[in-house]
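Residue numbers (the numbering used here), protein chains in the order written: chain F, 1 to 315; chain P, 316 to 602; chain B, 603 to 903. C-beta: ideal position from N, C-alpha, C; glycine also. Source: prediction; values computed, not measured.
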Amino acid sequence: MALATPALGGATAREVVAARLTRRDRDVAGWLMLGTLFLTVGFTLLVLFTLLFEVTSDAWPMLSERPVDFVTDTIGSDPMASGLWPGVYGSFFIGLGVIVLAFPIGIGAAIYLEEYARDGFLTRLIMVSMRNLAGVPAVIYGVLGFIIFRGWLEFLTGGSSVVAAAFTMAVLVLPIVIITSMEAIRAVPQGLRDAGYGVGASRWEVTRDHTLAYAAPGILTGTVLSLARALGEAAPLLILGAITGLLPETSLTGKFTAIPMLIYNWSGRPDTPGAEIGWTSAAAAAGVMLLTLVLFFNAAAIVLRNRFERRRIGT
Amino acid sequence: MRHVFQLAAVTSVVISALILFVLFRGAFQFLNSIDFDLGLLSDTGWFPRRERFDLRTIVVGSVVVGSVAMVVAVPFGLGTAIYLAEYARPRVRQIIKPVIEVLAGMPSVVVGLFAIRFIAPNVVAKLFDPNQSLNMLVAGLGIGILVIPIMASVSEDALSAVPGSLREASYGCGAKKVTTVTKVVLPAAVSGLVAASIIAISRAIGETMVATMAGGAADTVPWKGYSPLEPGMTMTAAMTNAVGGTDQAATGAPFQVLFFVGLLLFLVTLILNTIGDRFVRRVRQRY
Amino acid sequence: MTEPTTTQDTRIPEMTEESPVDIDLAVGQVSHDPVATLGDHAVVFRLEDLSVYYGDFRAVRGVTIDVHQHEITAFIGPSGCGKTTVLRSLNRMNDFIETARVEGRVLYHGVDLYDPAVNATEVRRRIGMVFQKPNPFPKSIYDNVAYGPRLLGVKKRTELDDIVERSLRGAALWDEVKAILKSSGLSLSGGQQQRLCIARAVAVEPDVILMDEPCSALDPIATARIEELMQEIKSQYTIVIVTHNMQQAARVSDRTAFFTTEVNPESDRRTGLLIEYNPTPKIFSTPDDDRTEQYVTGRFG
């Protein structure tokens, strides 16, 4: 195995070395690895595009025939005459509820944990609770909402209602808001805070005027992502008792539904044979609407995050 | 202001406590209302209305569906992660990473819809010819697709955390790129990759919509063994099944099993997440 | 290979007319081949007007050097002068930086290393590298040293055992680790880890060993150990070392290349360039260039 080249002067050594250095064994393992990796990435992309394509093509009959009516009509027994409206109503107020409830509490909790909290039992307990909550399956939050928001707080929420659903979803996304806000706040350079303290500002003043301003894009990214999550989740709504049938009137405290629930229910209804637009198309159309909404929010979050990164590097 | 924010932070403790309370109380009530041996450990299957709650049926359901999901998620998630971390050029990364994040934000109902409409007839039926078109394989494939992004993302973090100096050392010894990746980077990232898998398993087991929509189980699930080609009910599907229709009475054992299974699910995912978190933190510590 | 028994040698080197030595510079054992015999060694590297660019930025220019076999060649100079860049261009490690490119030639035994036909992996099997911060793999000591030979296809346990022992002896580490070969390479001290990296480098019996500030992360005792090691092994290899420690260069090397930086008037960025390349005693006593003299006497940098 000795590779040391003998110190021969002149051409012989050079030829020997040149021959060895230009040897190229076929890197079979390398090509295999690269090929396998391309396959995996390609498959993942393929699955995503197949999904988008399938759902869109299933939705096409409904969306091309009656796009506007589909959104404004209420749920009916005939897919040709059914619409999303109660779901839109429900999802809208759920989103609103998440913004109103989860964002202030989540950001406030993040501020506490990053700026105010001292090491101690309570802080550790909070951190552990929060990390655990982030991994709890969505359906469990539905159970929580069933007992607490639909049961105990019925006087406030009206039982199985949009308000109860909004509370439940807010609780579900709370850990995400806290964690992403904490990361955004942690990224603020200490020098910025020190400058504020240096002129005699209080901790809250420094936080409000400097830290939060700097962390705002990151916090915003986190909240947008959590909103997208809240709009797409169906499991808690199932447990809470969202309506899947006729819903004559929409109200905040009466029976409710949301877009994901409609997708769930309509996907199980059989198509009437021979009909041009069946429940399949309705479910897929609702899916397209939901996807558009969720993808829009996710894209917004990515754009925001990129802008955040650029600003951070520029500072 | 300190106390205002402290109050906000304490809500997470309150919520955790409430979840534990609700689940334990409900589980307790459930156990009270059934005949213990006949109820939980019978061999026949999941028949809530007949008060036969064979845990094995739904636990095996979760395990089978979860396993199928991991068979999909691990290779494709890990492969994507290795490609992004070790091979992809910056411009390619900039395109692929957002695409993965889009997949990560996909609502599970839509994946469930895709599973019913595409995976069941075009993939599983064509390749395997099962008895019923909706079965645990379909659900597992759907959940696997859902879980690929989290597997890819945490794995990529683990691979990127391996210091460049190790790769340099390997190249300095005259190793090829593939050798460096397989013999140096992957072994060095092992604890992070294990963490990614554990987190992915936890997500797969907690997934509800795809399991309910595509698992193929009706209200009752006779015990049919371990084959993924049979319809089955996961723990999460059992929970949605317990809630039933909107007019169902919210009392009695068939309903209250919701809390019992919920507690089981909560504990399983809690354990998995804690172990996974421990591994993730070990990765961050080493470097 | 004899075991090093002392870690500090207090013998004062003798001054002769041929190799004047500044006592203040000597910390460990100083050994210079008398200048006269340097010319006998064959040329391993011939750099012809080498410039290295990162994108549009020229990091270093005008490097023309002959590196001789079985000698220790040192690159010295202030930070940013391109010495590490030049070192890494000797084994194509700069390839890993996307924007890096070279102009001029790097001839290794007469072969242009940057010829498109040359396989960079083959180059690195013959020209090994030891890095600034010790970077053993998170594997056992045995597997660290056996890594290179396994790459080359050595599979038999007995052969590997021999190579591992030989390499660890060659790095003066064998006695310290022979009983703990299975334990992790990371469990060793900094100095031991660096010697492990040297053992790993010599395990493939390279032609050349490049060292990028190998002692800068180590304490003086570990440093002296490694300097001793370099002297012991130079007769089997060719060593090129980058160091920001002048005294180390003076102690250890046969020839020294002095680099410095100049400001580029247009872009206001500094480009490195080679000022002088001579046998070490000459660099440190009667250098050709004023700037060299200013640097080695500590008047700048």
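Item: Start-to-end residues for the alpha helix (DSSP H) that takes in F698(B); Value: Here F698(B) belongs to no alpha helix (DSSP H), and DSSP marks it neither H nor E.
Item: Collapsed DSSP secondary structure at G487(P) in the structure displayed; Value: helix
Item: Enclosing beta strand (DSSP E) for V232(F) [first to last residue]; Value: Strictly speaking, residue 232(F) in this sequence is Gly, with Val absent from that position. Run containing G232(F): none in the beta strand (DSSP E); it sits in the alpha helix (DSSP H), L212 to G232.
Item: Identity of the residue in G577(P), N450(P), V438(P) and A454(P) nearest S423(P) by Cα; Value: A454(P)
Item: Assigned exposure category for L812(B) - 16 Cβ within 10 Å defines buried; Value: buried
Item: Beta-carbon spacing of K836(B), H672(B) below 8 Å; Value: yes
Item: Three-way DSSP call (helix, strand, coil) for G730(B) in this model; Value: strand
Item: Pair within 8 Å by beta-carbon distance, G392(P) and A467(P); Value: yes
Item: Check whether V143(F) and V337(P) have beta carbons under 8 Å apart; Value: yes
Item: Within chain P, the residues that M832(B) reaches when beta carbons sit closer than 9 Å; Value: Near M832(B) there are no residues of chain P at all, since even the closest Cβ is about 17 Å away, more than 9 Å.
Item: Contact set between F647(B) and chain P, taken where Cβ atoms lie within less than 8 Å; Value: None at all; the shortest Cβ gap to chain P is about 17 Å.
Item: Where S601(B) falls, given that 16 or more other Cβ within 10 Å makes a residue buried; Value: No answer is possible for residue 601(B): it lies beyond the span of chain B, which begins at 603 and ends at 903.
Item: Backbone CA spacing between S281(F) and L252(F) [nearest angstrom]; Value: 29 Å
Item: Own chain partners of A228(F) with C-beta closer than 6 Å, once the 5 adjacent residues on each side are dropped; Value: V294, F297 and N298
Item: Nearest-angstrom beta carbon gap, S517(P) and L133(F) [assumed within contact, 8 Å]; Value: Not a contact, Cβ separation roughly 13 Å.
Item: Buried or exposed (CB count within 10 angstroms, at least 16 for buried), I178(F); Value: buried
Item: Cross-strand partners of S202(F) (DSSP beta bridge); Value: Note: S202(F) sits in no beta bridge, so no partner.
Item: Beta-carbon gap between I463(P) and T180(F) smaller than 8 Å; Value: no
Item: Residue from N866(B), L876(B) and H846(B) with nearest C-alpha to T900(B); Value: In the sequence as presented, Thr is not what sits at residue 900(B); that position holds Gly. Nearest option by C-alpha distance: H846(B).
Item: C-beta contact flag for A504(P) and N737(B) at 8 Å; Value: no
Item: Contact the segment 566-578 of chain P vs the segment 548-557 of chain P: 3+ CB pairs below 8 Å; Value: yes
Item: Cβ-based burial, P104(F) [other Cβ within 10 Å; buried from 16]; Value: exposed
Item: For L51(F) and R432(P), the rounded distance between their alpha carbons; Value: 10 Å
Item: Short CB-CB distance (under 8 Å) between N347(P) and chain F; Value: no
Item: 7 Å Cβ cut-off: residues of chain B touching R489(P); Value: A small fix is needed here, since residue 489(P) is Gly in this sequence, not Arg. Simply T723, R726, R727, G750, L753 and V806.
Item: Length of the line joining the Cα atoms of K780(B) and L220(F); Value: 57 Å
Item: Residue interval of the beta strand (DSSP E) (run including W361(P)); Value: G360 to F362
Item: Span separating the alpha-carbon of G148(F) from that of A170(F); Value: It should be pointed out that residue 148(F) corresponds to Ile in this sequence rather than to Gly. Their Cα atoms are separated by approximately 13 Å.
Item: Whether R654(B) touches V720(B) by CB criterion (8 Å); Value: Per the sequence shown, residue 654(B) should be read as Val rather than Arg. No; because the gap between Cβ atoms is not below 8 Å, this pair is not in contact.
Item: E830(B), enclosing alpha helix (DSSP H) - first and last residue; Value: P822 to I835
Item: Contact check, A29(F) vs V493(P), beta carbons under 8 Å; Value: yes
Item: Spatial distance of R14(F) from I843(B) (CA atoms); Value: 24 Å
Item: Ordered list of alpha helix (DSSP H) runs contained in the segment 726-795 of chain B, each at least 4 residues; Value: 743-753, 759-772 and 776-779
Item: Segments of 4+ residues assigned as alpha helix (DSSP H) that fall wholly inside the segment 830-902 of chain B; Value: 848-854, 882-887 and 892-898
Item: Of the listed residues R727(B), S769(B), P740(B) and W776(B), nearest to D755(B) (C-alpha basis); Value: The sequence shown places Gly at residue 755(B), rather than the Asp named in the question. Among R727(B), S769(B), P740(B) and W776(B), the Cα nearest to that of G755(B) is on R727(B).
Item: 8 Å Cβ cutoff, L295(F) in contact with chain P; Value: yes
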